[in-house]
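Peer 1: In full-length UniProt numbering, the protein residues as written are 1 to 87. All residues carry an ideal CB built from backbone N, CA and C; glycine is no exception. No experiment lies behind these values; they were computed from the predicted model shown. Pasting a structure below so you can have a look.
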Amino acid sequence: MLTVPETDITIYTTPCCTDCEAIKRYLQELGFQYIEQDASLPGVAEALEKHYGFRSVPLTVIGESFFCGTFAEQKPRIDEALSRREL
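Given below as structure tokens:
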């Protein structure tokens, strides 16, 4: 089961995922805090698929929006979601 985090930004990752690292680094450079969830842990990938319809990483959740794909594919959508985000 997925838990609701304190922050509205969550990144689902796996070890050695270069796109996951790129998204984390990008958010850090922008000064945003996030929660990282390891999708390689038992049950997490299945919960992702059930909740979001994806098992692949990186999967980035910002508020009610979620994005899956490479860093290059996600970056414009992340930027848009962050610009709409209430601080």
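Label Ala72 either buried or exposed according to how many other C-beta atoms from any shown protein chain fall within 10 Å of its C-beta, with 16 as the threshold for buried.
Peer 2: Counted from its first residue, the sequence shown places residue 72 at position 72. That one is exposed.
Peer 1: Just curious, the alpha helix (DSSP H) that residue 130 is in, first and last residue?
Peer 2: Only positions 1 to 87 of the chain appear in the structure, and residue 130 is not among them; the question remains open.
Peer 1: The alpha helix (DSSP H) that contains Leu59, what's its start and end?
Peer 2: Counting from 1 along the sequence shown, the entry for residue 59 is found at position 59. No alpha helix (DSSP H) holds Leu59; the beta strand (DSSP E) holding it covers 59-62.
Peer 1: Take Arg77 and list the residues in its own chain whose beta-carbon comes closer than 7 Å to its own, dropping the five residues that flank it on each side.
Peer 2: As a working mapping, residue 77 is identified with position 77 in the sequence shown. Same-chain partners within the cutoff: Phe67.
Peer 1: Identify which residue in Glu49, Leu59, Leu48 has its Cα closest to the Cα of Thr18.
Peer 2: Position 18 of the sequence shown, counted from the first residue, corresponds to residue 18. Cα-wise, what sits closest to Thr18 is Leu59.
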